[in-house]
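Q: Sharing a structure here in structure tokens format.
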Amino acid sequence: MGNIYGGFTDIKEQLYKKLRHPYFIKYIEEPVVDEKKLAFLYSILKSANLHREQIEHYVVTIMLVQIALDTHEKVSSKEETDGSHKRRQLTVLAGDYYSGLYYYLLSMNHDIVLIRALAEGIKEINEHKIMLYQQTYETIEEMLSSVGIIESALLQKTCDHFQVKHVKSTINNIFAIARLQTEYQIFLKKESSPVFTAFQKILSSDDKTKVENVYNESIKKIRSQIDTLMQDDTGIETFFSTLKEAT
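In terms of the working numbering, the sequence shown has 1033 at position 16, counting the first letter as 1, and numbering is strictly consecutive.
Written as structure tokens, this is what we have:
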């Protein structure tokens, strides 16, 4: 087994090496890597029975897409202050650099089908980000669906491409919960949270208790869906065993 699969730690280090552009590191914050998504991506690819070199290649390239999206999101969510304009411009360029690097790495291997799949994932993420920030939802379910897509579309496209489709819904739900919990902490600090603004708009209420009740009910409902999925598909347990090895 050790000859077939590369260690998660080694592959993670390869990703960080790609991110260490000397100019960007000098002037902007080091990019944040979502280690949970990194571990899930590794587990998806390992579940697809790929060889070490393939796993390393795809983990690095697909995470570059995620990091590019996260880097651009970081710029759009920050207010511009005096002296920050250059930093913002460099952060945008860094996001473009990571995006271009992923495309270059995949095109070198002629992974045209995967490039198209990830492009579709990027399109879906951006469409649902617009919906979230424009608050176009009529129901809580619509908003939660959007959050799941924003947080997991790249992983789901990877599942489709490598025929690991049985974990897609579980991954969607897990990352929807993670985003909701993150947004809840922002809400508690009385900072701007697009998710909780959506809760308030849909409920037509700013009442903190009412909003928190709906948040808690949403978390409970999604967790119940995860439990049902895991009971119905024993293959998901195998996937999570692989995930534990990575983490």
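Note that the Cβ used here is the ideal one computed from N, Cα and C, for glycine as well.
Go through its chain and collect everything with a Cβ distance to Glu1137's Cβ below 7 Å, but skip five positions before and after it.
A: Lys1174
Q: From Phe1179 to Lys1146, what does the alpha carbon distance come to, in whole angstroms?
A: A direct Cα-to-Cα measurement between Phe1179 and Lys1146 gives close to 26 Å.
Q: Do Thr1187 and Met1247 come within 8 Å of each other at the CB atom, strictly closer than that value?
A: The Cβ atoms of Met1247 and Thr1187 lie closer than 8 Å to each other.
Q: If you compare alpha carbons, which of Val1164, Leu1172, Met1160 is closest to Leu1135?
A: Leu1172
Q: Could you tell me how far apart the beta carbons of Ile1166 and Glu1200 are, in whole angstroms, since I believe they sit closer than 8 Å?
A: Contact doesn't hold; Cβ gap of about 15 Å is too wide.
Q: Tell me whether Leu1067 sits in a helix, a strand or coil according to DSSP, three-state version.
A: coil
Q: Return helix, strand or coil for Thr1153, following the three-state DSSP convention.
A: coil
Q: Can you name, in chain order, every residue of its own chain whose Cβ lies under 8 Å from the Cβ of Leu1067, other than the five neighbours on each side?
A: Tyr1075, Phe1179
Q: Put Ser1209 into one of helix, strand or coil per three-state DSSP.
A: Three-state DSSP puts Ser1209 in coil, outside helix and strand.
Q: What number of angstroms, rounded off, separates the C-alpha of Leu1055 from the C-alpha of Ile1139?
A: 17 Å
Q: Can you list, in chain order, the residues of its chain whose CB lies under 6 Å from that of Asp1099, leaving out five sequence neighbours each side?
A: Bear in mind that the predicted position of Asp1099 carries a pLDDT of just 45, short of 50, making it unreliable; the figure below should be weighed with that in mind. Same-chain partners within the cutoff: there are none.
Q: Could you tell me the alpha carbon to alpha carbon distance between Glu1070 and Asp1027, rounded to whole angstroms?
A: 11 Å
Q: According to DSSP, is His1127 helix, strand or coil?
A: coil
Q: Look at the Cβ atom of Leu1131, then the Cβ atom of Ala1215, and state whether they are nearer than 8 Å.
A: no
Q: Measuring alpha carbon to alpha carbon, tell me which of Val1049, Tyr1059, Thr1226, Leu1036 ends up nearest Cys1176.
A: Tyr1059
Q: Return helix, strand or coil for Gly1024, following the three-state DSSP convention.
A: coil
Q: May I have the straight-line CA-CA distance separating Asp1128 from Ile1072, to the nearest angstrom?
A: 14 Å
Q: Excluding the five sequence neighbours on either side, which residues of its own chain have a C-beta within less than 6 Å of the C-beta of Gly1252, listed in chain order?
A: His1183
Q: Identify the continuous alpha helix (DSSP H) that holds Lys1182 and give its terminal residues.
A: That residue, Lys1182, is in no alpha helix (DSSP H); it is neither H nor E in DSSP.
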